[in-house]
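The next block holds one structure in the form of C-alpha cells; read it before the comments.
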Amino acid sequence: MVGGALGATSATGAVTPGRTAADPTAEPVPASAPLPASAPLPEVDPAKAHLPLDCGPFPVAVTLKAAAVLDGRPVTVAAAHCRADMGTPPDGVFLVAAEGAPVVLLPDTEGLTVTELAIRSDGSIRGRASGYSSPDVPRYAPDLQVELGWTRTGGDWARTETRTPVRTA
C-alpha cells in the first residue's frame, strides 16, 4: 500500500503529493490510514545511509529523492553519485528504508545521469535519465534519453527502460 502519488523536482528534491494526469484537479490517492494534513510525510534520509558507491576520497552527493510509505514502511528512493571537482559523475538509484541495506535499482556503472525520479501511487518508481549510446560519444553530449521504471514482483524490483535517441540540429 502506498500513501499517495509522490514526485521530486530536480531543482530542490522537494516531495509533492501527485495528481492524476487525466484530471489535475483530482485529489491525491488516499491511504488506508491517512496521515493528518499537518503531519509531514515520514522520510528516510538517504544521506545517512551507506550507499554502495565506490567514491574513494570523494563524498556522496544525493541529487534527487522522493519519499513514500510502501507496505506501511517509510522509504526514500534516491539518485546519488560521487561528488567530483569536475564534470558530473554517473548516478546510481537506490531504495532506502529505515532498516536494512539500500536496494540498488540502477548501478552507477551504467553511466546514466538521472534527471527525474518519482514514486507513483501504485508503488512503482519512475525516472528519466540521459546517457550515451556508445563509448565513442563525448561525455559532455549525451545522445540518449532513457525512461526508467521499476515495479515490485514478489520481493524483488523488476526494471524496464526505453532508450530514445536525442535529436540534435
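Numbering-wise, the working numbering puts 164 at position 163 of the sequence shown, and it's gapless, one number per residue. The beta carbon of each residue, even a glycine, is placed where N, CA and C say it ideally should be. Remember, it's a predicted structure, so these values are computed and weren't measured experimentally.
Which residues in the same chain as residue i place their Cβ atom closer than 7 Å to its Cβ, once the five residues preceding and following it in sequence are excluded?
i      : result
Pro75  : Pro43, Glu44, Val45, Ala68 and Ala99
Thr116 : Ser11, Arg129, Ala130 and Ser131
In the DSSP assignment, find the beta strand (DSSP E) that holds residue i and state where it starts and stops.
i      : result
Val70  : Val61 to Leu71
Gly132 : Ile126 to Gly132
Arg153 : Leu145 to Thr154
Val45  : Note, Val45: premise wrong, no beta strand (DSSP E); not H, not E.
Cys83  : Arg74 to Cys83
Pro166 : Asp157 to Pro166
Gly93  : Gly93 to Ala98
Nearest to residue i by alpha carbon, out of the options?
i      : options                          : result
Arg140 : Thr114, Leu106, Lys66 and Val70  : Thr114
Val97  : Lys49, Asp86 and Ser131          : Lys49
Glu148 : Gly156, Glu162 and Gly93         : Glu162
Gly93  : Gly156, Asp157, Cys56 and Gly155 : Cys56
Met87  : Gly156, Asp157, Phe59 and Arg121 : Phe59
Pro172 : Arg121, Gly155 and Thr110        : Residue 172 lies beyond the residue range present for the chain, which begins at 2 and ends at 170; the question has no answer from this structure.
Who are the near neighbours of residue i in its chain, counting only those whose CB is closer than 8 Å to its CB and skipping five residues on each side?
i      : result
Val167 : Ser131, Pro143, Asp144, Leu145 and Gln146
Ala159 : Trp151, Thr152 and Arg153
Val138 : Asp144
Thr89  : His82 and Thr114
Find out if the Cβ-Cβ distance for the pair residue i, residue j is shorter than 9 Å.
i      : j      : result
Gly150 : Arg127 : yes
Ser135 : Arg164 : no
Ser85  : Pro47  : Looking at the sequence shown, residue 85 is not Ser but Ala. Contact: no.
Cys83  : Leu118 : no
Give every residue of the same chain whose Cβ lies closer than 6 Å to the Cβ of residue i, excluding the five residues on either side of it in the sequence, and list them in chain order.
i      : result
Leu52  : Val61, Ala81, Phe95 and Pro103
Gly155 : none
Gly101 : none
Original post:
Hey, is the stretch 101-110 in contact with the stretch 58-68, meaning 3+ C-beta pairs nearer than 8 Å?
Top reply: With a cut-off of 8 Å, the stretch 58-68 and the stretch 101-110 do not count as touching, because too few Cβ pairs lie within range.
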